[in-house]
Amino acid sequence: LATVATNYNTDGKLFTQGNLTSVRIANADKDAVNYADLVTLAANWTAANPNLSGFSAAVQADGDRAFALTSGGSRHQYIARGSGAWSNAANWSNGVPNSAGAVASLLTKPQDDVTLEVDGVFTIGQLNFDNFFNYTLNGGGALLFQTNNGARAEINTFAASPTISASVSINSNTDATVTYATDTLTLSGALTTSAAGTTLAKVGAGKLVISGTQFHAPGATLAVNGGVVDLNSNAGSGGPNLNLTTATGTTANFNASQSMANITNNGAFNVNVGSSVVGTVDGTGNTSVATPATIAAVRYRQSTLSVNGTASVIANGSSSSLSIVDQLVLPGTGKLDLNDNDLVVSSSTYAAITGSIATARNSGAWDGPGITSTAAKNATPKNRTLGTLTGAQFHAAQGAGATFDGVTVLDTDVLVKFPYYGDVDFNGLVDFDDYSRIDSGFNNNRTGWFNGDVDYNGIVDFDDYSLIDQAFNTQSGTLRRAMSYLNGSDRSDAGMDAPSLQLVVDHLGQFGEQYAAGFLASVPEPTSAIVFAGLAASAASVRRRRRCN
Numbered sequence: 109l110a111t112v113a114t115n116y117n118t119d120g121k122l123f124t125q126g127n128l129t130s131v132r133i134a135n136a137d138k139d140a141v142n143y144a145d146l147v148t149l150a151a152n153w154t155a156a157n158p159n160l161s162g163f164s165a166a167v168q169a170d171g172d173r174a175f176a177l178t179s180g181g182s183r184h185q186y187i188a189r190g191s192g193a194w195s196n197a198a199n200w201s202n203g204v205p206n207s208a209g210a211v212a213s214l215l216t217k218p219q220d221d222v223t224l225e226v227d228g229v230f231t232i233g234q235l236n237f238d239n240f241f242n243y244t245l246n247g248g249g250a251l252l253f254q255t256n257n258g259a260r261a262e263i264n265t266f267a268a269s270p271t272i273s274a275s276v277s278i279n280s281n282t283d284a285t286v287t288y289a290t291d292t293l294t295l296s297g298a299l300t301t302s303a304a305g306t307t308l309a310k311v312g313a314g315k316l317v318i319s320g321t322q323f324h325a326p327g328a329t330l331a332v333n334g335g336v337v338d339l340n341s342n343a344g345s346g347g348p349n350l351n352l353t354t355a356t357g358t359t360a361n362f363n364a365s366q367s368m369a370n371i372t373n374n375g376a377f378n379v380n381v382g383s384s385v386v387g388t389v390d391g392t393g394n395t396s397v398a399t400p401a402t403i404a405a406v407r408y409r410q411s412t413l414s415v416n417g418t419a420s421v422i423a424n425g426s427s428s429s430l431s432i433v434d435q436l437v438l439p440g441t442g443k444l445d446l447n448d449n450d451l452v453v454s455s456s457t458y459a460a461i462t463g464s465i466a467t468a469r470n471s472g473a474w475d476g477p478g479i480t481s482t483a484a485k486n487a488t489p490k491n492r493t494l495g496t497l498t499g500a501q502f503h504a505a506q507g508a509g510a511t512f513d514g515v516t517v518l519d520t521d522v523l524v525k526f527p528y529y530g531d532v533d534f535n536g537l538v539d540f541d542d543y544s545r546i547d548s549g550f551n552n553n554r555t556g557w558f559n560g561d562v563d564y565n566g567i568v569d570f571d572d573y574s575l576i577d578q579a580f581n582t583q584s585g586t587l588r589r590a591m592s593y594l595n596g597s598d599r600s601d602a603g604m605d606a607p608s609l610q611l612v613v614d615h616l617g618q619f620g621e622q623y624a625a626g627f628l629a630s631v632p633e634p635t636s637a638i639v640f641a642g643l644a645a646s647a648a649s650v651r652r653r654r655r656c657n
């Protein structure tokens, strides 16, 4: 920035040298310099580039005012003192603004709220509002924001809260600046980003409200670089094309159901109502889901994920869908549905995460609040669940340098995976290493997933062995023979020589019919259903905690 004037007054002249794109007026009260002053001074503006035109302001940290300049566009000020039509040349200085890069300034002439009818399709590069009274731009026409030579288009709101209910089309990258936090720019008409990859950036401390029908080209982006953006209508009317980014200290609010592409949130992202479906939610910010709102995403990688409603991860099962959060907050009836995906939580306790899963699992019904899995609930047979390890346990089992879904984890992290029941070391299958750990957990009264407490009831018992053996036999292709043995239809030794089936024989002898009932209950087939009631009735009421020799 070049300082071209100090101790500014409206009788002075501004002199620039070279092809400047921005200037600063120093030592000026923030309310002493506005667009009206600059337009008034246009005749006195001296520059090496005589085509400089258009002004947008920002208050600097030191109190100075910085003005960005555009070149090549014609300047037009609304000079009528009341409402009127955009197409009426008498309402404008320098004629009707209608060309790429044209600057339309709605300033302090009117001394009351004004309605300006957009009664046609008009192309402009910059629209400036500066009036304590409010402008409303309505009508059946449209404003097309387009510039020359790749310059950014602008909507600048200074000390005003205007509403544009006419259609708006973003044809060039555009900055929507709302300077003060007390002001709001409302786009209540149809909003279109017509070119692929186009960005609409919100700038300034104020609020932008988008409440009209939206149509966005693939790869378009809404960038919240300052203040607040309220999305009160669905950005995905024409498909989930819009990306959303938020900068540190900014806020984006979903106040309607959304269909959107990817979100990069480094500020505050609030899902307040509706049912939304988005791509990835990445960044260093905080995501909050209110009740009864729901959101489904490819993954969540945030500093904090706070869910009072429901946040789900779209079923995928790949490492790219791994969610990573520092803080996970699930108060009341909040649900995080991982489906068949994994999770890393950095700033929580193992007990808190496993407790949340146990509440959601609810003895296998998967109908409680907390960390849940629709994929586990709907699995047939029910051989999948959500397992938990600390980073230290994972490294002990897989090696100090092992990565979790391709991501380096700390010993203090809590890892959540969608494994088979009994895959206590997270290597992808149930094997005899798992049984070794489970048997040790049983014999030494240990708890936790790593030791075989796969149903999170606080002990390793016959319920755990039922679930583990069923998963092992599913994996080994011996499930049907195991069922016929346990339901009593064939208790012979024929075909029982597989290691997975030998475990079934051993555990039936150890735990009795309770074990058989638990095993068969997790396999919803007619054969198991017929015999389940009888097995359950004959089960002993006291669980045996030790092996029978």
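The sequence shown begins at 109 in the working numbering and counts up one residue at a time.
Ideal Cβ positions, reconstructed from N, Cα and C, are used throughout, including at glycine.
Query: Distance between GLN254 and PHE230 (C-alpha atoms, nearest Å); Result: 10 Å
Query: For SER277, the residue or residues it bridges with in DSSP; Result: LEU252 and THR300
Query: Limits of the unbroken alpha helix (DSSP H) element including GLN622; Result: 621-629
Query: Residue environment, ASN152, which counts as buried when at least 16 other CB atoms sit within 10 Å; Result: For ASN152, the pLDDT reaches just 40, beneath the cut-off of 50, and the residue's location in the model is therefore unreliable, leaving the point undetermined.
Query: Cβ shell of SER427 (< 7 Å), same chain only, five flanking positions each side left out; Result: ASP513 and GLY514
Query: Cβ contact check for the stretch 537-550 and the stretch 585-592: 3 or more pairs under 8 Å; Result: no
Query: Reference ASN449, options ASN279, THR271, GLY440 and ALA405, closest by Cα; Result: ALA405
Query: Limits of the alpha helix (DSSP H) - the one that TYR573 falls within; Result: 570-584
Query: Given 8 Å, three or more beta-carbon pairs between the stretch 396-403 and the stretch 446-465; Result: no
Query: Reduced DSSP secondary structure (H/G/I, E/B, other) of PHE240; Result: coil
Query: Distance CB(SER574)-CB(GLY626) smaller than 8 Å; Result: yes
Query: Backbone CA spacing between THR441 and GLY478 [nearest angstrom]; Result: 7 Å
Query: Buried or exposed by the 16-neighbour rule on C-beta atoms within 10 Å, applied to ASN470; Result: exposed
Query: DSSP-derived helix/strand/coil call for ARG599; Result: coil
Query: Given PRO489 as reference, the closest of ALA212, THR301, SER630 and GLY248 once Cα atoms are compared; Result: SER630
Query: Any 3 or more C-beta pairs closer than 8 Å across the stretch 405-422 and the stretch 360-368; Result: no
Query: Coil, strand or helix - ILE461 by DSSP; Result: helix
Query: Cutoff 6 Å; reference ILE432; Cβ partners in own chain excluding five residues on either side; Result: ARG409 and VAL452
Query: Nearest candidate by alpha-carbon position, reference THR285, set SER597, SER269 and ASN424; Result: SER269
Query: Under 8 Å between C-beta atoms of ALA188 and VAL226; Result: no
Query: Residues bridged to ALA261 [DSSP beta-bridge criterion]; Result: THR282
Query: N-terminal and C-terminal residue of the alpha helix (DSSP H) that LEU594 is part of; Result: 587-594
Query: Bridge-paired residues (DSSP) for LYS443; Result: THR418 and GLY478
Query: Collapsed DSSP secondary structure at VAL332 in the structure displayed; Result: strand
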